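If you're matching them up, the sequences are chains A and B in order. Positions 0 to 310 (numbering that gives the first Met the number 0) are the ones given, in order, by the first sequence. Positions 0 to 450 (numbering that gives the first Met the number 0) are the ones given, in order, by the second sequence. We treat Cβ as the ideally placed atom computed from N, Cα and C, and that holds for glycine. Since the structure is predicted, the reported quantities are computational estimates derived from the model, not experimental observations. Here is the structure we will look at, set down as structure tokens.
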Amino acid sequence: MFGFLRKSKDSPESASWLARLREGLRRTRASVGGLFGGAKVDEALFEDLEAALLQADAGVEATQALVTALRARARRERIEDPAALQKALEAELEALLAPLERDVDPRAAKPFVIMIAGVNGAGKTTSIGKIAKFLRTEGFSVLLAAGDTFRAAAREQLVAWGERNGVPVIAQEGGDAAAVIFDAIQAARARGIDVVLADTAGRLPTQLHLMEELKKVKRVIAKAQDGAPHEVWVVLDANTGQNALAQVKAFDDALGLTGLILTKLDGTAKGGVVAAIARNRPVPLVFIGVGEGIDDLRPFVAADFARALVE
Amino acid sequence: MLENLTQRLAKVVKTVRGEARLTESNVADALREVRVALLEADVALPVVREFIARVKEKALGEEVVGSLTPGQAFVGVVHRELVHLMGDANEDLDLAVAPPAVVLMAGLQGSGKTTTTGKLARLLKEERRRKPLVVSCDVYRPAAIAQLRTLAAQAGVDFFPSHEGQKPAEIALAAVDWARKHYNDVVLVDTAGRLAIDEAMMAEIRELHAAVHPVETLFVVDSMQGQDAVNVARAFNEALPLTGVVLTKLDGDARGGAALSVRQVTGKPIKFAGVGEKLGGLEPFHPERMASRILGMGDIVSLVEEAKKGIDEAEARKLAEKFKKGKGFDLEDFKAQIQQMKKMGGLGALLDKLPAHVQQAAAQSPQAMDDRALRRIEGIINSMTPGERARPELIKASRKRRIAAGAGVPVQEVNRLLNQFGEMQKMMKQVQRGGVAKMMRAMKGVLPRMR
């Protein structure tokens, strides 16, 4: 993701990000990585690993697949040292997660329109703020569209954020989400803005009429500009359990997702659900957020994530 | 909601129910299914293990094995244990202190605290005849205070203004003071979302708690939360003397595993469950009914209560009169019925509480009625003149065309509505002819076995 922006591995900034990612997944790592301190690889170790993965929200199916693969590998390669098994697990995870990496280039169109959806309380509006910040530090001009016209004070939240950070926000009193976003794209074109981030109201995928409304927003965006929206992302709360998978499926079926943002990986959350998503509906993970700080949202790198989870 | 868990468990229930004999092996099979179902529903692993162990012990005990219908008895055990896991009986808010009674809301970011505060205020005002005051101590999230102000206005309750520069404890104390002077008997204190591992924020809420002495401290938890729900709940429970839990977003297709874990870990009762974003969407939590819903037995009791709440009594009496007379039931009444149904949260909310097999049947029925169809019917009726509504037989081809154009639907839709209405009138006449028993017999097929 934002491959052309990805920092080289040993820059100091990247090191501090890795440290924060490790901190965010600390609890999971303690329960998964801690298993490999023993002297030998035996059945008990595999059972503990299964329990640890389940508790990390990896889900029954992904857990069983990972453990089965690891068992086969241990037998094939005659792994008897727990530390070697740990390496093997890391490799399995990385292989599983690698398809979730993806490069996005906001220079592909102007304005480049990114539509953001998600369930209530996942952190859509906050994430939009952070993405805007990220893009601005990379030299893009950004405009926010306050498409959450439903929740009380959602508009004010985005406007307040925009004021604080000097990012223009297009909002309307009441009105229709699609209309607000349509206006925003027109405004972006007029002002020569690079990227439009379109917020939408949170909705549970079971609310079919609200999902229809979301499809309409997408259609209207396509009318405002050919080829738009260039990206459709869903924000997932890392605290969500197996329902995250159901959310990905439902939003993907409705909108055709191009990416996911995983938020709140901040020390209590688990992150294992990424494995469940990779197995069942591999929609690329574009950003992961590890904290409340404005710089705590970064592109996803499978190898880093696997290492932070297991090592 | 809870569909996944419900469907999986319903499958287990179906297979086991038929077994003539419960052996170690088929109990083990069923338990494995139950285990996977619970894990998929995000019930925490330690809770699952304990639950399975308890069910197993009872299932292989005398009570089940000795039963004439061991399958039924097994389902009974699972049901009883589920109820037990969720806390046996409903516990209500305890606001019996010298007013104002302070209720403190706590939880993670995005769990639904502010929305729940608004819903709870409405519930206290409308259903408990209280005079609540709401106040926001969330000085961090942009516009959190404005959100609560909007919700308070919608619920028609008093709002105590605060602003971002203030300290949470000061805001809350000022609000309590204001409430005392203005005879508000309950103060609902909304707080910022916080992580249990964030020491500074936890210290802040402890300070807040110490300052206002809440009679209820409610932990708001997202029912879609994963395995970590137990750790979060435990941490909050250790930091704050919680008195109860509110589950939110139970209307997603989630699985509500949190409902099972949180109670087990904190030992604190789940007092309310939140559904939907409308202010009316907060219900007292009944473990017994929830267990029935999870096992696909439906929740008729809640449905009836819901109906009582939603239906305007005068309206209902007028309708009952018309039922009795067997005539005069016209399209205007039909429309009134649809509106009442909408008040009860729409068809979706009603279907949710029906047994799993009825739900499936409803979903498969060719003219699957959804809320949109209801709205369309309302639109068609709205396009008729009062005369036409009272005497639908007036409506012939040209009137049909006019109505269809007015409602923006094809003429066929108008025809379909008139046919449906004709059917309904026929049914009314049957009722009038003392055919209630007959009708009940016809309906028996779809209603669940009463126990």
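Unbroken alpha helix (DSSP H) runs of no fewer than 4 residues, entirely contained in the region 258 to 293 of chain A, are found at 272 to 279, following chain order. Taking all protein chains shown into account, S397(B) has fewer than 16 neighbouring C-beta atoms within 10 Å of its C-beta and is therefore exposed. With contacts defined by Cβ atoms closer than 8 Å, V82(B) and K55(B) do not form a contacting pair.
E93(A) is bridged by DSSP to nothing; it lacks a bridge partner. Nearest to M85(B) by C-alpha distance, out of N381(B), A257(B) and S382(B), is A257(B).
For G240(A), the neighbours in chain B by C-beta distance under 7 Å run, in chain order, D41, M223, Q224, G225, Q226 and G256. Distance check between L259(B) and each of T242(B), L107(B), E163(B) and D221(B) places D221(B) closest, using alpha-carbon atoms only. Within chain B, the residues placing a beta-carbon under 9 Å from that of Q156(A) are R140, P141, A142, A143, A145 and Q146, ordered along the chain. For the region 157 to 176 of chain B, there are no residues whose beta carbon sits under 8 Å from a beta carbon of chain A. K132(A) does not reach chain B, its nearest Cβ partner there being about 14 Å away, counting only Cβ pairs nearer than 9 Å.
The DSSP-derived three-state label of Q224(B) is strand. A straight line joining the alpha-carbon of A97(A) with that of L254(A) spans about 23 Å. Taking 8 Å as the upper bound for CB-CB distance, K263(A) and G288(A) are in contact here, some 7 Å apart. Interface annotation, V59(A): in contact with chain B, CB-CB separation under 8 Å.
In terms of Cβ geometry, K267(B) and N236(B) form a close pair [threshold 8 Å]. The alpha-carbon of V133(B) is positioned some 6 Å away from that of V186(B).
Within the same chain, Cβ atoms closer than 8 Å to the Cβ of K124(B) are found at K130, P131, A154, G155 and V156, the five residues on either side in sequence being excluded. Close partners of G120(A) in chain B (Cβ separation under 8 Å): Q108, G109, S110, G111, D221 and K248. V231(A) and Q338(B) have their alpha carbons spaced roughly 37 Å apart.
With contact defined as three or more Cβ pairs closer than 8 Å, the region 165 to 174 of chain B and the region 202 to 209 of chain B are in contact. The C-beta of V35(B) comes closer than 8 Å to at least one C-beta of chain A.
For E56(B), the uninterrupted alpha helix (DSSP H) run begins and ends at L44 to A58, by DSSP. Distance from L44(A) to L53(A) at the Cβ level is roughly 15 Å; contact not present, criterion being Cβ atoms closer than 8 Å. The Cβ atoms of P167(A) and G174(A) do not sit closer than 8 Å to each other.
In the DSSP assignment, S397(B) falls within the alpha helix (DSSP H) that extends over A396 to A406. Sequence-distant Cβ neighbours of E163(B) in its own chain, meaning closer than 6 Å and more than five residues away, are V138. Residues of chain A with a Cβ closer than 8 Å to the Cβ of E276(B) are, in chain order, N119, F149 and R150. Taking 8 Å as the CB threshold, T265(B) stays off the interface with chain A.
Measuring C-alpha to C-alpha distances from G378(B) to each of D28(B), E412(B), C136(B) and L107(B) identifies E412(B) as the nearest.
Within chain B, the residues whose beta carbon sits less than 7 Å from that of K269(A) are G225, Q226 and D227, listed in sequence order. With 16 or more other Cβ atoms from the protein chains shown falling within 10 Å of its own Cβ, G111(B) counts as buried. Beta-bridge pairing by DSSP links P131(B) to V185(B).
Considering only V195(A), E93(A), A121(A) and I276(A), the residue with the shortest C-alpha distance to R106(A) is V195(A). T190(B) has a beta carbon lying at 8 Å or more from every beta carbon in chain A.
A check of alpha carbon separations from T239(A) across T242(B), Q224(B) and T247(B) identifies Q224(B) as the nearest.
Within 7 Å of the CB of D265(A), the CB atoms of chain B belong to L194, in sequence order along the chain.
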